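S.K.: In my numbering, the protein residues as written are 305 to 548. Glycine is no exception: its CB is placed at the ideal position from the N, C-alpha and C atoms. In this text, all values refer to a predicted model and were calculated from it rather than measured experimentally.
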Ligand SMILES: Nc1ncnc2c1ncn2[C@@H]1O[C@H](COP(=O)(O)OP(=O)(O)O)[C@@H](O)[C@H]1O
Ligand SMILES: [Mg+2]
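As structure tokens, this is what we get:
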């Protein structure tokens, strides 16, 4: 699967947040978007998944050469896109595991036996070092920041998307949890030939997840691109020179 963003312009409540952003990535590659707070990174993630509040005013988003802008979020997910939100929603009364099972059947378009499904869940719950009580809880209700992130990696492991967009996957995680989450993400990425688009404003997670390409995003556009050396440079110099 190829995801291509072409000269994208996006507004939120009539304010232009993304202005002329282009990016192309393939399944199997790990791309990282780094940028300071407020540069439009989360808005980009929401736009790719078709959040109702964002308005694309110009440009296009293509999957395998076909525009997805007219598709619903559900249709985009069925193509194999997955979005991990920076601040996941909490839903009282919706069991996490039931939610995931339904989501998987919906994506697949067929039934998945409870036995197979639970086997997959248990393996990943253990891999992610999540407590077993997790399985009985409501979707994100009362989850700590770290548990929400792990829950989302669990979703990714079970739903097996082709390209996943992870928005600040390390936010709210202590160093041990970052290691556990990163190890799982790496394992899924290898096993499933997953494409990763990781959005972050800290380089910390890049000690554990190796990027192929770095894109620096400032004020709604890409201002620099390169490999791992860009991370080291940003680490030393910050975003200052791009903000001028
Ligand atoms: N619902 C909204 N309406 C209007 N402006 C918004 C809304 N949400 C975010 N913004 C603005 O959009 C800009 C980019 O936000 P965001 O995409 O969250 O940036 P980042 O994820 O890079 O920190 C910010 O200036 C923010 O204030
Ligand atoms: Mg953000």
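Going by Cα to Cα distance, which pick from 472, 400, 545 is closest to residue 441?
M.R.: Working through the chain shown from its first residue, we reach residue 441 at position 137. If we check each option's Cα against that of residue 441, 400 comes out closest.
S.K.: Evaluate residue 270 with the Cβ neighbour count: other Cβ atoms within 10 Å of its Cβ, from every protein chain shown; 16 or more gives buried, anything less gives exposed.
M.R.: As displayed, the chain neither begins before 305 nor continues past 548, which places residue 270 out of reach and without an answer.
S.K.: Could you give the distance in angstroms between the alpha-carbon of residue 434 and the alpha-carbon of residue 423?
M.R.: Within the chain shown, numbered from 1, the residue matching residue 434 stands at position 130. Within the chain shown, numbered from 1, the residue matching residue 423 stands at position 119. Distance between the alpha carbons of residue 434 and residue 423: 15 Å.
S.K.: Relative to the C-alpha of residue 425, which residue among 447, 360, 464, 411 is closest?
M.R.: The residue you call residue 425 lines up with position 121 of the chain shown. Nearest C-alpha to residue 425: 464.
S.K.: Output needed for residue 364: all residues of its chain with C-beta closer than 7 Å, excluding positions within five of it in sequence on either side, in chain order.
M.R.: Here residue 364 corresponds to residue number 60 of the chain shown, with the count starting at 1. Correct list, in chain order: 310, 371, 373.
S.K.: Within a Cβ cutoff of 7 Å, which residues of the same chain sit near residue 375, ignoring the five residues on either side of it in sequence?
M.R.: Translated into the one-based positions of the chain shown, residue 375 becomes position 71. If we look at residue 375 and ignore the five residues flanking it on each side, its Cβ neighbours are 354.
S.K.: Mapping the DSSP letters down to three states, classify residue 505 as helix, strand or coil.
M.R.: Residue mapping note: residue 505 aligns to position 201 of the chain shown, counting from 1. Correct three-state label for residue 505: coil.
S.K.: Reducing DSSP to helix, strand and coil, say where residue 319 ends up.
M.R.: On the chain shown, position 15 is the one that residue 319 refers to. Of the three classes helix, strand and coil, the one that applies to residue 319 here is strand, per DSSP.
S.K.: For residue 382, which residues of its own chain have a beta-carbon under 7 Å away from its beta-carbon, when the five flanking residues on both sides are left out?
M.R.: If you number the chain shown from 1, residue 382 lands on position 78. Once the five neighbours on either side are set aside, the close Cβ partners of residue 382 are 411.
S.K.: Please list, following the chain, all residues that have a C-beta closer than 5 Å to any non-hydrogen atom of ligand 1.
M.R.: Selection output, chain order preserved: 316, 317, 321, 341, 342, 343, 344, 345, 346, 347.
S.K.: For the region 486-501 against the region 465-472, do three or more pairs of beta-carbon atoms, one drawn from each stretch, fall closer than 8 Å, so that the two count as touching?
M.R.: The region 486-501, when compared against the region 465-472, does touch it at the 8 Å Cβ threshold.
S.K.: Quick one: using the 10 Å Cβ neighbour count with 16 as the cut-off for buried, is residue 505 buried or exposed?
M.R.: The sequence position of residue 505 within the chain shown is 201, counting from 1. With 16 or more Cβ atoms within 10 Å of its Cβ, residue 505 is classed as buried.
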